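Peer 1:
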Amino acid sequence: MLQVIRDRLSGWVAGIIFGVIGLALVLTFGTMRGNVGMSSTAVASVDGVEIGQAEFLRTLDEEQIRLREQFGEALPEEFEQELRALVLDDMIDMRMMQAHAEERGFTTSDARLASVIQSIPAFLDRGEFSVDLYRSALANIGESPSWFEYQQRGLMTQQQFYRSIAESAFFTPVDFRFYIELVQESRAVRGLFVSPEAFRAGVAVTDEQVSEYYGQNASGFWTREYLDLEYIEIDAASLPGQQEITEQDALEWYEQNRDQFVSPLQRQSSHILLAASPEGDDEVLARANELVARLEAGEDFAALAGEFSEDPGSASLGGDLGWNERGVLVPEFEEALFGLEEVGQYTAPVQTQFGYHIIRLDGLRGGDIAPFEDAREDVLADLQERRSRTGFYDLADRLADMALESEDGLAWIAEELELPLKTIENFTREGAGEFAGNRRVIDAAYGETVLDRGENSRILQLGPERAIVLRAARHQPSEQQPLEEVADRIREILVSDAAAEAAAARGAELLERRQAGDELPELAGDEGVEFFDEQEMRRDSAGFPSELLNAIFAAVPGHSAEGLRLLDGRYALFEVSEVFPGRPETIPRDQRDEVKADLEDREGLMEFDAYRASVRDRASVWIAPETLEEAP
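Basically this note's numbering = 1-based index in the sequence shown + 5.
This is how it looks when you write it as structure tokens:
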């Protein structure tokens with residue numbers, strides 16, 4: 006399991022590529038560069054920039070939770086120390102590369118950070134950013150706005166830097182053809198299978214053998230520990246008895262929150278794009294300035310766009326880009342467009358990753374407050390949702406207090422709160438039912454409070470507005486199974502093992518006969534031997550075990566037959582007569598483009614990782630010795 010965990014650790018580079026902090030929110034966007042509240046006790050530093058103990062422990066805790074949820078079990082104790090080193094190493098790399106990126110001019114503006122934050126789906130209420138949603142979610146996980154902002158800004162800056170290096174990677178046509186020839190390769194194969202089923206009848210297992218196997222493998226014959234649980238669940242979506250909302254309630258709420266019903270500001274625009282050129286930016290900028298001069302002289306924008314714009318999607322439309330809100334266009338383009346105030350006004354050349362744009366403002370709309378009549382349904386829905394949420398949190402507080410104080414189980418609490426008392430049986434350490442694999446519920450059920458002391462659990466938050474309290478009604482410990490209970494299972498194991506050994510021995514005999522000159526079809530006359538005639542196989546051919554396919558594609562074509570034991574007990578004998586390289590031209594163009602893009606992404610990741618390693622070699626890194634010696 007340890008190697009699987011190591012392989013699945015995302016690492017900081019993957020976090021940069023894919024990881025926008027899902028809950029990053031700043032309450033006051035005007036104070037985005039404040040103190041992030043880290044401890045002054047440093048656990049490490051890189052080029053003089055410290056990593057605080059609180060920051061390290063918080064990140065370590067988050068990674069432990071993520072891994073427990075991902076693998077559905079507690080982390081092995083022997084991995085805890087290694088995880089500390091891995092997490093700290095990632096943090097050093099992130100801090101180092103963030104400073105490196107900022108030194109080279111990569112930054113994330115407050116406006117850009119706010120735009121990204123306000124578009125995070127977890128904080129949108131009916132399509133609009135909601136401070137209430139932000140506050141409740143942030144409170145649920147015990148995070149501070151400054152910490153989220155700190156992480157988000159760092160990630161966004163590093164994403165820019167990553168793209169500047171990784172997006173320069175490319176895969177040549179020769180490399181691509183070689184890749185397709187290898188990956189899409191097929192082989193002409195024929196062979197035979199020897200089934201262990203044909204040998205089962207000849208296997209005799211004595212009671213002494215069963216007893217001996219049990220003695221050697223007794224640790225494998227234990228019953229599963231389980232709990233029978235009782236629990237009370239509250240869910241805002243299904244709370245009974247919601248209070249009716251009157252027209253007056255809705256109108257008052259609308260008047261108090263009119264700013265929430267302002268339609269988003271939109272800009273209609275056209276542009277002329279001069280794409281980036283191998284000759285350099287100066288040449289492209291000079292051409293763009295010439296077009297600005299022609300516009301100032303009175304020439305038609307649409308005509309110039311149709312003639313000179315290198316944006317194939319809009320050039321034929323006179324450069325028209327339609328209506329757009331903030332957060333849709335690339336930042337440089339967006340800032341320039343929303344800086345225009347009058348319809349017909351156009352910009353000087355604006356540089357983005359695509360080249361130089363001349364942008365014209367064609368229309369303005371939005372910013373109007375919807376009248377109550379138009380907003381009425383939204384107001385009612387918002388009010389109902391808010392009251393439901395308030396009711397949920399009020400009920401959650403009552404449930405938490407009653408469960409904490411109660412020494413008499415949950416039945417009376419369910420009756421008092423008019424909620425059903427639910428049960429779930431055979432709840433193992435892997436969970437069961439709707440809580441299968443749910444580490445939060447499993448850890449609570451098998452924790453000291455519930456399992457050892459027999460008390461009610463604390464309230465467990467399972468979602469933004471869903472929570473439970475549970476207790477153990479019955480505990481069945483794991484027990485050693487007696488021999489008489491598992492004798493039949495052991496006998497089956499011994500028969501299967503012996504039959505597989507016999508099949509392997511017969512397979513080895515047939516392989517020798519084939520290598521001596523006997524034809525494959527002739528070898529298939531024995532009982533339990535199945536011949537398969539020549540067929541074209543790919544690396545992912547259905548119906549053939551993966552270990553056999555791996556052996557087939559590792560074999561030298563045209564050589565003598567080969568054999569191997571399969572995991573299902575069969576023996577396989579095969580020979581490869583011909584190899585057919587994959588052909589890129591047989592793959593649809595869109596799929597080829599997709600594969601090529603994926604390969605370039607991988608190449609870019611390797612180039613960036615090599616760059617990171619070179620920066621790390623030159624960096625001055627200090628780690629406090631006790632950081633990796635002591636458990637948190």
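Note that the Cβ used here is the ideal one computed from N, Cα and C, for glycine as well.
Fair warning: this is a prediction, and the values are worked out from it, not measured in the lab.
Quickly, what does DSSP pair His480 with across the bridge? List them, please.
Peer 2: Leu232, per the DSSP bridge assignment.
Peer 1: Whole angstroms are fine: how far does the CA of Gly327 sit from the CA of Gln58?
Peer 2: 50 Å
Peer 1: Considering only C-alpha positions, which residue in the set Arg117, Gln69 and Gly132 is nearest to Asp383?
Peer 2: Comparing Cα positions, the closest option is Gly132.
Peer 1: Short of 7 Å in beta carbon distance, which residues of its chain neighbour Glu288, apart from the five on each side in sequence? Order them along the chain.
Peer 2: Ser282
Peer 1: What first and last residue would you give for the beta strand (DSSP E) that runs through Gly220?
Peer 2: No beta strand (DSSP E) holds Gly220; the alpha helix (DSSP H) holding it covers Asp212 to Gln221.
Peer 1: Excluding the five sequence neighbours on either side, which residues of its own chain have a C-beta within less than 8 Å of the C-beta of Val620, listed in chain order?
Peer 2: Met101, Met102 and His105
Peer 1: Taking all protein chains shown into account, decide if Pro178 is buried (16 or more other Cβ within 10 angstroms of its Cβ) or exposed.
Peer 2: exposed
Peer 1: If we ignore side chains and look at the alpha-carbon of each, how far apart do Gln466 and Glu85 end up?
Peer 2: 26 Å
Peer 1: What number of angstroms, rounded off, separates the C-alpha of Asp406 from the C-alpha of Asn461?
Peer 2: Approximately 11 Å, taken between the alpha carbons.
Peer 1: With burial defined as no fewer than 16 other Cβ atoms inside 10 Å of the residue's Cβ, what is the status of His362: buried or exposed?
Peer 2: The residue is buried, with at least 16 neighbouring Cβ atoms inside 10 Å.
Peer 1: When burial is assigned at 16 or more other CB atoms within 10 Å of the CB, is Asp95 buried or exposed?
Peer 2: buried
Peer 1: Considering only their Cβ atoms, is the gap separating Gly311 from Gly323 smaller than 8 Å?
Peer 2: yes
Peer 1: When you compare each of Phe549, Asp545 and Arg544 to Phe537 by their alpha carbons, which one comes out closest?
Peer 2: Selected option, being the one with the closest Cα: Phe549.
Peer 1: Can you check whether the CB of Pro269 is closer than 8 Å to the CB of Arg117?
Peer 2: The Cβ atoms of Arg117 and Pro269 do not sit closer than 8 Å to each other.
Peer 1: Between the segment 605-624 and the segment 201-210, do at least 3 Cβ pairs fall closer than 8 Å?
Peer 2: no
Peer 1: Taking only the alpha-carbon atoms, compute the straight-line gap between Val31 and Gln156 and give it to the nearest angstrom.
Peer 2: Low confidence applies to Val31: its pLDDT is 27, below 50, so where it sits in the model is not reliable, and the reading given next is rough at best. Their Cα atoms are separated by approximately 11 Å.
Peer 1: Kindly provide the ranges of any beta strand (DSSP E) runs that are 3 or more residues long and lie completely inside the segment 156-208, ordered along the chain.
Peer 2: As far as the segment 156-208 is concerned, its whole beta strand (DSSP E) runs of at least 3 residues are 191-199.
Peer 1: Within a Cβ cutoff of 7 Å, which residues of the same chain sit near Ala437, ignoring the five residues on either side of it in sequence?
Peer 2: Once the five neighbours on either side are set aside, the close Cβ partners of Ala437 are Ile429 and Asn431.
Peer 1: Tell me which residues share the same chain as Leu604 and place their Cβ nearer than 6 Å to its Cβ, disregarding the 5 neighbours each side in the sequence.
Peer 2: Phe176
Peer 1: Thinking C-alpha only, which one of Leu422, Phe198, Tyr351 and Leu525 is nearest Leu572?
Peer 2: Phe198
Peer 1: Whole angstroms are fine: how far does the CA of Arg168 sit from the CA of Ser275?
Peer 2: Straight-line Cα distance between these residues: approximately 27 Å.
Peer 1: Could you spell out the range, first to last residue, of the alpha helix (DSSP H) harbouring Tyr398?
Peer 2: Phe377 to Glu410
Peer 1: Could you have a look at Glu631 and say whether DSSP puts it in helix, strand or coil?
Peer 2: helix
Peer 1: Where DSSP assigns a beta bridge to Glu304, which residues make up the other side?
Peer 2: Looking at the DSSP assignment, Glu304 forms no beta bridge with any residue, so it has no partner.
Peer 1: Grab me the residues of Glu489's own chain with a C-beta within less than 6 Å of its C-beta, minus the 5 sequence neighbours each way, in chain order.
Peer 2: none
Peer 1: Straight-line CA distance for Val600 to Phe183?
Peer 2: 13 Å
Peer 1: Below 7 Å CB to CB, which residues in the same chain sit around Phe3 once its five sequence neighbours on both sides are set aside?
Peer 2: Residue numbering for the chain in the displayed model covers 6 to 637; residue 3 lies beyond these limits and cannot be assessed.
Peer 1: At what residues does the beta strand (DSSP E) containing Asn443 begin and finish?
Peer 2: Per DSSP, Asn443 lies in no beta strand (DSSP E) segment and is marked neither H nor E.
Peer 1: Give me the Cα-Cα distance between Ile122 and Leu160, rounded to the nearest whole angstrom.
Peer 2: 12 Å
Peer 1: Note down, one range per segment and in chain order, each beta strand (DSSP E) of at least 3 residues found wholly within the segment 307-342.
Peer 2: 325-329
Peer 1: Could you name the residues of the same chain whose beta carbon sits closer than 8 Å to that of Ala47, not counting the 5 residues immediately before and after it, in chain order?
Peer 2: Glu55, Ile56, Gly57, Gln58 and Ala629
Peer 1: Helix, strand or coil for Ser625, going by three-state DSSP, please let me know.
Peer 2: coil
Peer 1: Skipping 5 residues on each side, what residues in its chain have a beta carbon closer than 8 Å to that of Ile250?
Peer 2: Hits under 8 Å: Leu385, Leu388, Gln389 and Arg392.
Peer 1: Can you give the Cα-Cα distance for Asp2 and Leu334, rounded to whole angstroms?
Peer 2: Beyond the ends of the chain as shown, which are 6 and 637, falls residue 2; an answer cannot be given.
Peer 1: Would you check if the segment 540-557 and the segment 576-586 touch, i.e. whether three or more CB-CB distances between them fall below 8 Å?
Peer 2: yes
Peer 1: So, does the segment 526-535 touch the segment 208-220, judging by three or more C-beta pairs under 8 Å?
Peer 2: no
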